[in-house]
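Each residue of the sequence shown is one higher than the one before, starting from 41 at the first, in UniProt numbering.
Note that beta-carbon positions come from the ideal geometry of N, C-alpha and C, so glycine has one too.
Step one of this worksheet: look at the structure below.
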Amino acid sequence: QTGMFTYDPGFMSTASCQSTITYIDGDKGELLYRGYPIEQLATNCDFLETCYLLLNGELPNATEKEKFSSLVTKHTMVNEQMQFFLRGFRRDAHPMAIMTGLVGALSAFYHDSTDINNPEHREISAIRLIAKMPTLVAMAYKYTIGQPYMYPKNELSYAGNFLHMMFGVPCEDYKVSPVLERALDRIFILHADHEQNASTSTVRLCGSSGTNPFAAIAAGVACLWGPAHGGANEAALNMLYDIQKEGGVEKIGEFIKKVKDKNSNVKLMGFGHRVYKNYDPRAKLMQETCNEVLTELGLEKDPLFKLAKELEKIALEDEYFVSRKLYPNVDFYSGIVQRAIGIPVNLFTGIFALARTVGWIAQLNEMIGDPEYKIGRPRQLFTGSAPRDVKPIAQR
Ligand code: SDX
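Now the structure itself:
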């Protein structure tokens, strides 16, 4: 019995840590940040309020929100030298390859916030990372399409600024669409934290060595890139494109057959989860956001959205998926929303990393802030060779 929740001893023996930040009930399909249901946060708060909540444990009042937002706004620019770091990449580099480099490189510029054991350094590096991730993701995108970087604009909202840096150009004014701004802000909230997932566990283990916060977050970016984790939104959209190319809705049956064939190694991307054995609450909210954005943009007949809903419907009636408790996860619809916003497929995971940065920081700071914490050192079950003597090479 810990606080409101009781766990079976088996669960506690496999738990990698104790945390007060995010609670998931995989069987019920529930997700709460600091006790607030994700559904309420996604509809009543914006991303910066959610960041404040994850970092401080409480939602901000108006004054606290104003102070936190202006602090983040003041740190959105990056050191001009970062442009030269980008120039070393090929133009066709995957944005996540660039992001893995850029985030780690921040530790070469912000020496007054690299000591992870210093609470002030932790505080300022948190603000810098939350503030600069949108700028870095937009720079990575602009670099790969050969367009000039757009500097952040302090009068814009967090999501609005990101849209401006992504799609604005120096030769004309960029008008932020409130529809896209709201959709993007909600996508950020839905991806902000998720308990001890692979990338968060990576950040905790990396940070436990006392390395600087930027390097620890860069390790999270690298882990998130994998298609079984944050890379699934890119893979899910590419999967929908492939089915579309094969003939669309009529070809869903054939695709599902391939997924069921053990030798095909084909997965239904955006489906299944290590923890959720019920509908991922974020997937429901993401589908609603999809509906709203596509309707407001006059794209409600978007064939890909129709295909995704049909694929979900068929899968949820199919014994293979039902018996394995496979439901849509956060990545199933997020690609369709991001595509409608105009974000290129290979940048979807960059958006995920941008949003998850606050969760990684909150989890890292929770660990480092515990005076009892020690460097992580997972053990193994050794199943290799028994002790033996080396033979001279002539006898091997
Ligand atoms: C994220 O951990 C987090 O919290 C992550 C995340 C976060 O916010 O940080 O939620 C973000 O990573 C979401 C997950 C995104 N990944 C994908 O959508 C990729 C597709 N999904 C799978 O690769 C898979 O579902 C995993 C990796 C997510 C989970 O894999 P597991 O642990 O093998 O799932 P399982 O134990 O529930 O699998 C049970 C069975 C197995 O088949 P059998 O051996 O029993 O015959 O279901 C099969 C699996 O092979 N299966 C799938 C499947 N996912 C599991 N079969 C087809 N399609 C799938 N997507």
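*Minimum C-alpha distance to TYR367 - residue among GLY375, HIS313 and GLY97*: Here residue 367 corresponds to residue number 327 of the sequence shown, with the count starting at 1. When only C-alpha atoms are compared, the closest one is HIS313.
*Give the DSSP-derived three-state secondary structure of LEU421 in the structure shown.*
Stepping through the sequence shown from its first residue, residue 421 is reached at position 381. In the three-state DSSP reduction, LEU421 falls in the coil class, being neither helix nor strand.
*Taking one C-beta from the stretch 305–312 and one from the stretch 358–374 each time, how about it: are there three or more such pairs within less than 8 Å?*
yes
*CA-CA distance, MET136 and ARG419?*
Locating residue 136 in the sequence shown gives position 96, where the first residue counts as 1. Locating residue 419 in the sequence shown gives position 379, where the first residue counts as 1. Roughly 30 Å separates the two Cα atoms.
*Contact check, ASN273 vs PHE392, beta carbons under 8 Å*: For the purposes of this step, residue 273 is taken as the residue at position 233 of the sequence shown. For the purposes of this step, residue 392 is taken as the residue at position 352 of the sequence shown. Contact flag set, yes.
*Answer yes or no: the CB of LEU308 versus the heavy atoms of the ligand SDX, is any distance below 7 Å?*
By one-based count along the sequence shown, residue 308 stands at place 268. It does: the Cβ of LEU308 is within 7 Å (strictly closer) of some heavy atom of the ligand SDX.
*Among all the DSSP beta bridges, which residues are the ones paired with GLU212?*
Taking the first residue of the sequence shown as 1, we reach residue 212 at position 172. For GLU212, which the question treats as bridged, DSSP gives the partners VAL209.
_Between the stretch 286–303 and the stretch 340–354, can you find at least three pairs of beta-carbon atoms closer than 8 Å?_
yes
*Would the beta-carbon of LEU366 be found less than 7 Å away from any heavy atom of the ligand SDX?*
Taking the sequence shown and counting its residues from 1, one reaches residue 366 at position 326. It does: the Cβ of LEU366 is within 7 Å (strictly closer) of some heavy atom of the ligand SDX.
*Kindly indicate which residue of ARG428, LYS107, ALA258 and ALA82 has the alpha-carbon position closest to the one of SER147.*
On the sequence shown, position 107 is the one that residue 147 refers to. From the listed residues ARG428, LYS107, ALA258 and ALA82, the smallest Cα separation to SER147 is found for ALA258.
*What residue from THR140, ASN119, PHE124 and GLU98 has the CA that sits closest to TYR150's CA?*
The residue labelled residue 150 in the question sits at position 110 within the sequence shown. If we check each option's Cα against that of TYR150, ASN119 comes out closest.
_Backbone secondary structure at PHE149 - three-state DSSP_ = Walking along the sequence shown from the start, residue 149 turns up at place 109. Note: PHE149 maps to coil in three-state DSSP.
*To which residues of the same chain is SER111 closer than 6 Å at the C-beta, ignoring the five residues directly before and after it?*
In the sequence shown, the residue the question calls residue 111 occupies position 71. Before going further, note that residue 111 is Leu rather than Ser in the sequence given. Only ILE167 meet the Cβ criterion.
*Check the DSSP bridge columns for ASP65 and list the partner residues they point to.*
Position 25 of the sequence shown, counted from the first residue, corresponds to residue 65. The partner list for ASP65 (beta bridge, DSSP) reads GLU70.
_On a Cα-Cα basis, can you pick out the residue from MET190, SER56, LEU196 and PHE361 that is closest to SER109?_
Your numbering for residue 109 matches position 69 in the sequence shown. Looking at the Cα atoms, LEU196 is the closest of the given residues.
_Test item: CB-CB of PRO321 and GLY66 under 8 Å_ = Counting from 1 along the sequence shown, the entry for residue 321 is found at position 281. Counting from 1 along the sequence shown, the entry for residue 66 is found at position 26. No, Cβ-Cβ distance for PRO321 and GLY66 is not below 8 Å.
*asked:* Following a CB-centred definition, is VAL112 positioned closer than 7 Å to any heavy atom of the ligand SDX?
replied: Here residue 112 is taken as the residue at index 72 of the sequence shown, counted from 1. Not under cutoff, so the answer is no.
*Just how far apart, CA to CA, sit GLY250 and ASN157?*
One-based indexing of the sequence shown puts residue 250 at position 210. One-based indexing of the sequence shown puts residue 157 at position 117. Going by the C-alpha atoms only, they are around 7 Å apart.
*Tell me whether PHE124 sits in a helix, a strand or coil according to DSSP, three-state version.*
For this step, residue 124 is matched to residue 84 along the sequence shown. Three-state DSSP puts PHE124 in a helix.
_Please list the terminal residues of the continuous alpha helix (DSSP H) segment that includes VAL333._
One-based indexing of the sequence shown puts residue 333 at position 293. First-last of the alpha helix (DSSP H) with VAL333: 321–336.
*Unbroken alpha helix (DSSP H) run spanning ALA434, endpoints*: Position 394 of the sequence shown, counting from 1, holds the residue named residue 434. No alpha helix (DSSP H) holds ALA434; DSSP gives it neither H nor E.
_Outcome for GLY97 when other beta-carbon atoms lying within 10 angstroms are tallied against a minimum of 16_ = The residue given as residue 97 occupies position 57 in the sequence shown. Its Cβ having fewer than 16 others within 10 Å, GLY97 is exposed.
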